[in-house]
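Beneath this line is the structure, given in structure tokens, with notes to follow.
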């Protein structure tokens, strides 16, 4: 079975600063990896996904993530955050059979002016 | 594309009452998922369907919960009888299956008094 760990439950950061949200996974098989964002009172929206190919994946709103197979990580980064990036971010993994997703516990990003 | 549509957006009812949550997936998607989100337990997968057939219901908390998908464009999640600990936000998501990401509805915020 797969599992996803998001070590940071909350990340405070000032506007225009860079940010990295950490995600580690455990799996005995190859996986697909995803980052979702959840704004208040809304459902989850896909930010980006890694299926195969280049390990650096670019998503919407200037976010990117890098798949590191040896470290089983898929950290999310943005070089300069905006107030509007304040939200909760979820890392998710699914296996090649794609029976279901496994979500991390989420990281709340709080961007301060 | 209308996205995943859930109804109602909010539901407040007294314990012991039957609650029915509804979901209309994105047209053409063949996989449908029901999740529950709480502060304590985060995002939990309750059940998922593939081609209208329930594949994995191991996340359904107890027999009070049931889900149906009578056709490709409609699913329900029912709680009978409801209890205060069922209070949560319930999300429906759909996808094309395979390695395709899930698309979430805006959720139903359920409060059981």
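Protein chains in written order, with this note's numbering: chain A, 1 to 113; chain B, 1 to 113.
Just so it is clear, CB atoms sit at the ideal spot from N, CA and C, and this is done for glycine as well.
All figures in this text were calculated on a predicted structure; none of them were measured in a lab.
Quiz item: residue 86 of chain A: beta carbon under 7 Å from a heavy atom of the ligand FMN?
Solution: By its list of ligands, the structure shown contains no ligand whatsoever, and the ligand FMN lies outside what it can speak to.
Quiz item: Which of the residues in the segment 46-58 of chain A, read from start to end, lie with their CB under 8 Å from any CB of chain E?
Solution: The question asks about chain E, but that chain is absent: this structure's protein chains are A and B.
Practice problem: Return the bridge partner residues of residue 13 of chain B from the DSSP annotation. | Solution: Taking the first residue of the second chain as position 1, residue 13 of chain B is located at position 13. Answer is B:112.
Quiz item: Can we say the segment 106-113 of chain A touches the segment 18-29 of chain B, given the rule of at least three CB pairs closer than 8 Å?
Solution: no
Exercise. Enumerate in chain order the residues of its own chain whose CB-to-CB distance from residue 8 of chain A is below 8 Å, with the five nearest sequence positions on each side excluded.
Key: Counting from 1 along the first chain, the entry for residue 8 of chain A is found at position 8. Answer for residue 8 of chain A: 21, 22, 107, listed in chain order.
Quiz item: Would a check of beta-carbon distances place residue 89 of chain A closer than 8 Å to chain B?
Solution: Counting from 1 along the first chain, the entry for residue 89 of chain A is found at position 89. Not closer than 8 Å to any Cβ of chain B, the Cβ of residue 89 of chain A fails to qualify, so no.
Practice problem: For residue 55 of chain B, I'd like the list of residues in its chain whose CB is within less than 8 Å of its CB, leaving aside the five on either flank, ordered along the chain. | Solution: The count along the second chain starts at 1 and reaches residue 55 of chain B at position 55. Contacts found: 48, 49.
Quiz item: Taking Cβ to Cβ, would you say residue 101 of chain B is nearer than 8 Å to residue 76 of chain A?
Solution: Along the second chain, one-based indexing puts residue 101 of chain B at 101. Along the first chain, one-based indexing puts residue 76 of chain A at 76. In this structure, residue 76 of chain A does not lie closer than 8 Å to residue 101 of chain B by Cβ.
Self-check item: Rounded straight-line distance, which links the Cα of residue 105 of chain B to that of residue 71 of chain A
Solution: Your numbering for residue 71 of chain A matches position 71 in the first chain. Your numbering for residue 105 of chain B matches position 105 in the second chain. Between residue 71 of chain A and residue 105 of chain B, the C-alpha separation is close to 33 Å.
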